[in-house]
Structures are given as structure tokens and as C-alpha cells.
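J.:
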Amino acid sequence: MIAQRIALRLAVVITVVLAQTTVINRMHLPLGGPDLLLVVVVAFALVGGSQRGAVFGFFAGLTADVMPPTYHFAGELAFAYTVVGYLAGMLDAGEESSIATTISVVAGGSVAVVLLFAALGDLLGNANISGGATLHALAGTVVYDVVLAPFVVPLVSAAARRLEPVGPR
Amino acid sequence: MRNARRARLILTLLLLSAFTLITLDYRSGALGGVRKVASTVFGPIQDGIDKVVHPIGSWFSSLGHLGSYKHENQDLHRRVAELQTQLRMTEVERQEYLQTQKLLHLAGLAQFTTVAARVTAYGGAFGFESTISINRGTKNGIRKNETVISGAGLVGRVVGPVGPTTATVQLANDSAFTAGCRMSTARLAVGAVSGNGRGKPMGLTLLDNTVRLEVGQMLVTFPSGPGGPFVPEVPIGKVTRVTPANGQIAQTAAVAPFVDFGSLDIVAVVTDAPESIKHDSLLPSSPTPAPTVTVTVTASPGSTSGGGTPSSTPTTSATSSATSTSRKTP
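These protein sequence lines are chains B and G, in that order. According to the working numbering, the residues represented by the first sequence are 465 to 633, in order. According to the working numbering, the residues represented by the second sequence are 23 to 352, in order.
1. Using DSSP bridges, identify the partner residues of residue 144 of chain G.
2. Pull up the distance between the alpha-carbon of residue 480 of chain B and that of residue 163 of chain G, whole angstroms please.
3. Just the chain G side, please: which residues come within less than 9 Å of residue 601 of chain B by C-beta, in chain order?
4. Going by CA-CA distance only, name the one from B:625, B:552, B:562, B:536 that's closest to residue 574 of chain B.
5. On a CA-only basis, which of G:277, G:273, G:166, G:245 is nearest residue 297 of chain G? Give me that one, please.
6. For residue 161 of chain G, does the count of other Cβ atoms within 10 angstroms reach 16, so buried, or fall short, so exposed?
7. Excluding the five sequence neighbours on either side, which residues of its own chain have a C-beta within less than 7 Å of the C-beta of residue 473 of chain B, listed in chain order?
8. List, in chain order, every chain G residue whose beta-carbon is nearer than 7 Å to that of residue 593 of chain B.
9. Please determine, among G:212, G:155, G:27, G:194, the residue with the shortest C-alpha to C-alpha distance to residue 229 of chain G.
10. Is it right to say residue 189 of chain G is buried, meaning 16 or more other beta carbons lie within 10 angstroms of its own, or is it exposed?
11. Under 8 Å, Cβ to Cβ, is there at least one residue of chain D near residue 530 of chain B?
12. Give the DSSP-derived three-state secondary structure of residue 55 of chain G in the structure shown.
13. Quick one: is residue 168 of chain G buried, meaning 16 or more other Cβ sit within 10 Å of its Cβ, or exposed?
14. Under a three-way DSSP split, which group does residue 554 of chain B fall into?
15. Does the separation of the CB atoms of residue 240 of chain G and residue 206 of chain G fall below 8 Å?
16. Please confirm whether residue 155 of chain G has its beta-carbon closer than 8 Å to some beta-carbon of chain B.
17. Which whole-angstrom value is the C-beta distance of residue 612 of chain B and residue 500 of chain B, which I expect to be below 8 Å?
18. Closest Cβ-Cβ distance between residue 469 of chain B and chain G: below 8 Å?
19. Output, in chain order, the set of chain G residues within a Cβ distance shorter than 9 Å of residue 473 of chain B.
20. Taking the straight line between their C-alpha atoms, what separation do you get for residue 270 of chain G and residue 597 of chain B?
21. DSSP has residue 225 of chain G in a bridge; who is on the other side?
22. So, are the CB atoms of residue 289 of chain G and residue 141 of chain G less than 8 Å apart?
23. Identify each residue in the stretch 178-202 of chain G for which the Cβ-Cβ distance to at least one residue of chain B is less than 9 Å, and report them in chain order.
24. With the cut-off set at 8 Å, would you say residue 226 of chain G and residue 274 of chain G are in Cβ contact?
25. Anyone know if the C-beta pair for residue 156 of chain G and residue 292 of chain G falls short of 8 Å?
26. Mind checking the stretch 58-77 of chain G against chain B and listing, in chain order, the residues whose C-beta falls within less than 7 Å of any C-beta there?
27. Could you spell out where the beta strand (DSSP E) holding residue 202 of chain G opens and where it closes?
28. Pick from G:103, G:147, G:65, G:128: whose alpha carbon is nearest that of residue 258 of chain G?
29. Here's a check: name, in chain order, each residue in its chain whose Cβ is nearer than 7 Å to the Cβ of residue 537 of chain B, leaving out the five neighbours to either side.
30. Express the C-alpha separation of residue 532 of chain B and residue 184 of chain G in angstroms, rounding to a whole number.
31. Which two residues bound the contiguous alpha helix (DSSP H) that contains residue 474 of chain B?
32. DSSP state of residue 296 of chain G, grouped into three classes?
33. Kindly say whether residue 504 of chain B, judged by its beta-carbon, lies nearer than 8 Å to any beta-carbon of chain G.
34. I'd like the span of the alpha helix (DSSP H) that includes residue 243 of chain G, first residue to last.
35. If you measure between the beta carbons of residue 176 of chain G and residue 135 of chain G, is that distance less than 8 Å?
36. Put residue 178 of chain G into one of helix, strand or coil per three-state DSSP.
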């Protein structure tokens with residue numbers, strides 16, 4: 465049962481990261497594009513709570529860290545998504561969250577994940593990180609994630625509720 | 023309360039693990055193996071998805087063009103739309119064919135040994151990174167740091183651990199990308215050109231201030247010595263705006279790259295290059311006519327045709343290491 469659940473989550477994460485690299489990033493949308501993984505991590509954390517949110521965020525980030533084509537250090541995205549998964553999970557009140565709550569959590573999560581990644585990258589001497597680039601990344605990611613949130617979050621939450629026991633253990 | 027405490031403990035453990043991973047990767051590139059496994063596993067999947075997604079993507083983008091047929095009658099309109107949809111599918115192949123042809127032309131001019139590859143995935147990291155995956159790897163003889171070109175010019179360089187059938191390419195518009203370059207007009211004015219992120223012009227820093235930078239001048243790669251990442255003479259871009267010098271030692275300018283990084287389908291990795299290439303011979307519409315590989319046979323009796331080899335005056339390959347490629351370990 466546990467193995468099955470882990471396999472399922474892993475399959476979701478891999479599918480999402482593959483879709484990000486092959487479909488979403490290919491579109492070359494103005495300002496950047498959505499970060500589908502963030503929306504999925506938030507949706508999962510809102511149902512599963514902070515503990516599961518953090519664990520899910522960690523493995524989601526790690527998958528994104530090693531999925532080609534990237535060249536930042538492995539662990540950077542894992543760190544950022546862990547924090548976001550934990551924080552979003554703390555807002556899990558057990559009942560269906562309203563669409564407004566969902567959207568604001570996704571927006572907050574997008575800001576947090578970009579800032580965390582930028583801060584870590586800056587510490588590690590990543591030449592890609594600059595004030596301008598960070599603002600650019602923030603604008604693009606937040607706008608598109610908020611647009612995606614009303615469609616993706618209920619879908620993921622419903623799936624998570626159906627397939628897994630509800631509530632914190 | 024117990025749950026909250028347990029969640030905090032798990033959070034701490036996970037964050038420590040993330041830090042450990044980052045440290046390991048930072049200090050010794052210890053996660054190169056993991057990345058290699060990941061590219062071995064996911065590379066073929068990305069390639070497979072690309073084969074499906076690519077035609078669909080361009081079908082959607084073609085919908086925007088249908089409006090121009092409004093003046094025609096309804097039946098014809100619908101018929102055209104149908105046929106266009108059918109054509110779009112082959113349009114993908116046609117585009118790839120055209121890109122391949124240009125690529126072969128450039129590689130042929132320079133006598134580069136190349137491995138052609140298809141772009142299968144695009145990197146992101148929230149838009150901070152500008153990278154692509156290609157569907158060729160070590161099995162095809164691709165190694166780290168090799169130059170990647172398209173028919174238009176410089177695309178980027180191979181980075182990271184190369185998988186058996188996939189490689190990651192850092193595009194030239196990535197902010198961490200830097201290459202040595204040479205002005206096409208001046209005899210030996212070298213500098214460094216670097217990316218500034220997607221959709222932004224590249225930046226040129228010219229180290230020689232006896233040469234005056236002008237709008238419209240073209241840049242080509244300048245090799246960084248044996249084993250360096252770039253082969254010589256690959257067209258990079260055109261100067262679009264010169265920043266006033268203001269008494270500084272180095273001159274700077276904005277450069278529009280020749281390559282459209284948003285529409286790459288077919289690229290080639292240069293695995294071997296000749297010792298020397300005639301200066302500026304690869305530039306588009308360069309002042310000196312570029313030598314072509316076509317053989318023209320003249321009808322005059324008794325004379326043998328010239329043959330295809332361009333009469334290039336071999337220039338000594340540059341050994342100066344004027345470039346610094348800002349690179350990261352993985």
C-alpha cells in the first residue's frame with residue numbers, strides 16, 4: 465500500500481516535470497511561463513498537511529533538479545520546494561479551501577520558491593541570478609501560476625483525496 | 023501538537039539533506055552520476071514526447087494564420103483550413119529540412135565535423151536558465167564543452183555530464199554564458215560576448231580600444247586555445263547599439279544574436295574543426311564572398327574546372343586565451 469502510494473506520487477512528479485520541460489518551456493511564452501510543479505506541490509500540501517507537503521516538495525524539487533536540461537546544483541530546487549510544501553501544508557484546515565485562498569497560496573508559494581531559488585543561487589555564485597532576472601522570473605511565474613491554479617489545484621486535490629486517506633496522521 | 027512537532031523535525035531533516043546534496047555537488051560534482059542516470063532515463067522519454075508534441079504545437083500556432091482567408095467564401099474557407107491543417111503536419115518536416123540544409127551549408131563551408139541533433143526539451147528554472155536537451159550524446163561522440171551551432175550561427179556549448187543519448191546545451195543567451203569573440207572587420211580586435219537572459223540582446227566587451235565599435239559590425243567566435251570550448255569563426259551576431267565609452271578602457275555594445283533561440287529544432291555539435299578557417303568566411307553576406315562548395319564547370323575547352331576548394335589563405339589559429347568561460351562544476 466505504501467509502496468503503491470509512493471510510486472503514484474513519483475509518477476505524478478515525473479509526469480509534471482517532463483511536461484514542464486517538453487511542453488510548457490517549448491511555448492516560449494512572454495515573461496517566462498508557469499511553474500506547474502509549484503502549483504502541484506501547493507495543491508498536494510493543502511490536502512496532505514505540512515509534513516507530507518514538505519516530503520512531497522523535497523522529492524518534487526529533487527526530480528526537477530536532475531531532470532535534463534539543467535545545470536544548477538542538485539538540491540537547490542529540492543530546498544525551495546520543501547519550504548513551500550511545508551508552509552502551504554500549515555494552511556491545511558481539513559476542509560475544502562476556497563478558490564481565493566487557493567489562488568493566494570499559489571501566488572505566495574510562487575514568490576517564495578523563486579526567491580528561495582534566487583537566494584540560494586546567489587549564495588552559490590550562480591551567474592544567472594541578478595536583481596533584474598529575479599524580478600522577471602517573479603512576474604512571469606506568479607502571473608501564470610495564478611492563472612493555472614483554479615484548474616490544477618482542484619484536480620490534484622481531488623485526486624489526492626480519493627487515492628489517499630485524508631487528514632494528518 | 024505532536025503532529026506539528028514531527029512535521030518540523032521532518033522539515034529540518036529534509037532541508038539538511040538538501041543542503042548536503044548542494045554541498046556535495048558544489049564541492050566535488052558528486053551528483054554528476056545521478057544526473058547521468060537521470061539523462062539516460064529521461065532523455066529518451068523527452069525525445070519520445072517531443073516527437074508527439076512538436077507537430078501538435080505547430081498545428082496550434084498555425085491557427086493564428088487562418089484569418090487571412092476571410093474574404094473568400096465559406097466553403098472555400100473551410101476547405102483551405104482543412105488543407106492547411108494537413109499541410110501543417112508536413113510543414114514541421116519542411117521547417118526541419120530547411121534548418122538542416124542551412125546547417126549543412128554552414129558546417130560544409132567551415133569543414134566542421136558535426137553531429138546533427140534534434141532539440142527535445144527546454145530548461146527553465148523559472149526562466150533563470152536558458153538550456154536545451156538534444157537527442158545525441160556520448161554514443162555519437164559528443165563531449166562536454168563542444169560548440170553547438172545552427173544554420174544561423176552560434177547556439178551554445180555542451181555542459182554537464184553528457185548522457186549516452188542526450189546532452190544538455192547552455193544557450194548563448196544564458197546569463198552565465200561567455201565566449202571569446204573577434205570583430206569581423208578589424209584585423210584582430212578581440213573581446214568577450216556574454217548572454218543576458220532570454221529575449222535580451224547579448225553584451226559585448228571589446229578589450230581593444232584602438233578599434234572603434236560601430237553599429238552593424240559582426241562578431242565571430244575566437245577560440246580559447248586547445249581544448250577550449252569554442253571552435254573559431256562561428257557567426258555570433260551583429261552590433262546593434264554601442265555604449266558610449268566615457269573614458270573606460272573596454273568598449274561595450276549590445277549584440278543581436280543571429281540565432282533565434284526560441285525556434286531551434288535542429289542543431290549540430292561540432293566534434294572536430296580544421297586547424298584554420300578563412301576569416302569571416304562563415305558570416306552571412308560578408309564583404310568577401312563566401313566560398314561555396316558548388317563546382318562550376320566552364321565550357322571553355324582544354325581548361326580544367328577549378329574545383330570546390332576555396333582558395334583560403336590559412337591564418338594561424340589563435341592561441342591567445344582571451345576568453346573566460348564562466349562555468350560551473352556540474
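Every residue, glycine too, gets a C-beta built ideally from N, C-alpha and C. All values derive from a computational prediction rather than experimental measurement.
T.: Looking at the atomic coordinates:
1. On the second sequence, position 122 is the one that residue 144 of chain G refers to. Answer by DSSP bridge pairing, in chain order: G:154.
2. Translated into the one-based positions of the first sequence, residue 480 of chain B becomes position 16. Translated into the one-based positions of the second sequence, residue 163 of chain G becomes position 141. Their backbone Cα atoms lie some 31 Å apart in a straight line.
3. Within the first sequence, the letter at position 137 stands for residue 601 of chain B. Listed along the chain, the chain G residues whose CB falls inside 9 Å of the CB of residue 601 of chain B are 147, 148, 149, 150.
4. Numbered from 1 along the first sequence, position 110 holds the residue referred to as residue 574 of chain B. The residue from B:625, B:552, B:562, B:536 with its alpha-carbon nearest to that of residue 574 of chain B is B:552.
5. By one-based count along the second sequence, residue 297 of chain G stands at place 275. Taking only the C-alpha atoms, the option nearest residue 297 of chain G is G:245.
6. In the second sequence, counting from the first residue as 1, residue 161 of chain G sits at position 139. With fewer than 16 other CB atoms across the displayed protein chains lying within 10 angstroms of its CB, residue 161 of chain G is exposed.
7. Against the first sequence, residue 473 of chain B aligns to sequence position 9. Correct list, in chain order: 520.
8. Counting from 1 along the first sequence, the entry for residue 593 of chain B is found at position 129. Among the residues of chain G, those whose CB is under 7 Å from the CB of residue 593 of chain B are 150, following chain order.
9. Locating residue 229 of chain G in the second sequence gives position 207, counting from the first residue. The candidate whose alpha carbon is nearest that of residue 229 of chain G is G:212.
10. To locate residue 189 of chain G, count along the second sequence from 1; it is residue 167. By the 10 Å Cβ count, residue 189 of chain G comes out buried.
11. This model lacks chain D altogether; the protein chains it does include are B and G.
12. Here residue 55 of chain G corresponds to residue number 33 of the second sequence, with the count starting at 1. Residue 55 of chain G falls in the helix class under three-state DSSP.
13. Residue 168 of chain G sits at position 146 when you count from the first residue of the second sequence. Burial call: buried.
14. Position 90 of the first sequence, counting from 1, holds the residue named residue 554 of chain B. In the structure shown, residue 554 of chain B sits in a helix (DSSP, three-state: H, G or I).
15. Counting from 1 along the second sequence, the entry for residue 240 of chain G is found at position 218. Counting from 1 along the second sequence, the entry for residue 206 of chain G is found at position 184. A contact, by the Cβ cut-off of 8 Å.
16. Position 133 of the second sequence, counted from the start, is the residue given in the question as residue 155 of chain G. Interface residue, yes.
17. In the first sequence, the residue the question calls residue 612 of chain B occupies position 148. In the first sequence, the residue the question calls residue 500 of chain B occupies position 36. Confirmed, Cβ separation roughly 7 Å.
18. One-based indexing of the first sequence puts residue 469 of chain B at position 5. It does not: the Cβ of residue 469 of chain B has no partner Cβ on chain G nearer than 8 Å.
19. Here residue 473 of chain B is taken as the residue at index 9 of the first sequence, counted from 1. Those within 9 Å of residue 473 of chain B in chain G number zero; the least Cβ separation is about 15 Å.
20. Position 248 of the second sequence, counted from the first residue, corresponds to residue 270 of chain G. Position 133 of the first sequence, counted from the first residue, corresponds to residue 597 of chain B. Residue 270 of chain G and residue 597 of chain B: Cα-Cα distance of roughly 26 Å.
21. To locate residue 225 of chain G, count along the second sequence from 1; it is residue 203. The partner list for residue 225 of chain G (beta bridge, DSSP) reads G:216, G:276.
22. Indexing the second sequence from 1 puts residue 289 of chain G at position 267. Indexing the second sequence from 1 puts residue 141 of chain G at position 119. Going by C-beta atoms, residue 289 of chain G is nearer than 8 Å to residue 141 of chain G.
23. Result list: 181, 182, 185, 188, 189, 190, 191, 192, 196, 197, 198, 199, 200.
24. Numbered from its first residue, the second sequence carries residue 226 of chain G at position 204. Numbered from its first residue, the second sequence carries residue 274 of chain G at position 252. Less than 8 Å separates the beta-carbon of residue 226 of chain G from that of residue 274 of chain G.
25. Numbered from 1 along the second sequence, position 134 holds the residue referred to as residue 156 of chain G. Numbered from 1 along the second sequence, position 270 holds the residue referred to as residue 292 of chain G. Contact check for residue 156 of chain G against residue 292 of chain G fails: the beta carbons are separated by 8 Å or more.
26. Taken in chain order, the members of the stretch 58-77 of chain G whose beta-carbon sits within less than 7 Å of a beta-carbon on chain B are 60, 61, 64, 65, 67, 68, 71, 72, 75.
27. Position 180 of the second sequence, counted from the first residue, corresponds to residue 202 of chain G. Per DSSP, residue 202 of chain G belongs to the beta strand (DSSP E) from 200-205.
28. Taking the first residue of the second sequence as 1, we reach residue 258 of chain G at position 236. The shortest C-alpha to C-alpha distance from residue 258 of chain G to any of G:103, G:147, G:65, G:128 is the one to G:128.
29. For the purposes of this step, residue 537 of chain B is taken as residue 73 along the first sequence, with counting starting at 1. For residue 537 of chain B, where only same-chain residues beyond five positions count, the Cβ hits under 7 Å are 588.
30. The residue given as residue 184 of chain G occupies position 162 in the second sequence. The residue given as residue 532 of chain B occupies position 68 in the first sequence. Here the alpha carbon of residue 184 of chain G sits roughly 10 Å from the alpha carbon of residue 532 of chain B.
31. As a working mapping, residue 474 of chain B is identified with position 10 in the first sequence. If you look at residue 474 of chain B, you'll find it in the alpha helix (DSSP H) that goes 466-483.
32. Numbered from 1 along the second sequence, position 274 holds the residue referred to as residue 296 of chain G. Residue 296 of chain G falls in the coil class under three-state DSSP.
33. Here residue 504 of chain B is taken as the residue at index 40 of the first sequence, counted from 1. At a cut-off of 8 Å, the C-beta of residue 504 of chain B has no neighbouring C-beta in chain G.
34. Indexing the second sequence from 1 puts residue 243 of chain G at position 221. Secondary structure note for residue 243 of chain G: it is in no alpha helix (DSSP H), and the uninterrupted beta strand (DSSP E) holding it is 240-243.
35. Residue 176 of chain G sits at position 154 when you count from the first residue of the second sequence. Residue 135 of chain G sits at position 113 when you count from the first residue of the second sequence. Not closer than 8 Å, so no.
36. One-based indexing of the second sequence puts residue 178 of chain G at position 156. Annotated three-state conformation of residue 178 of chain G is strand, per DSSP.
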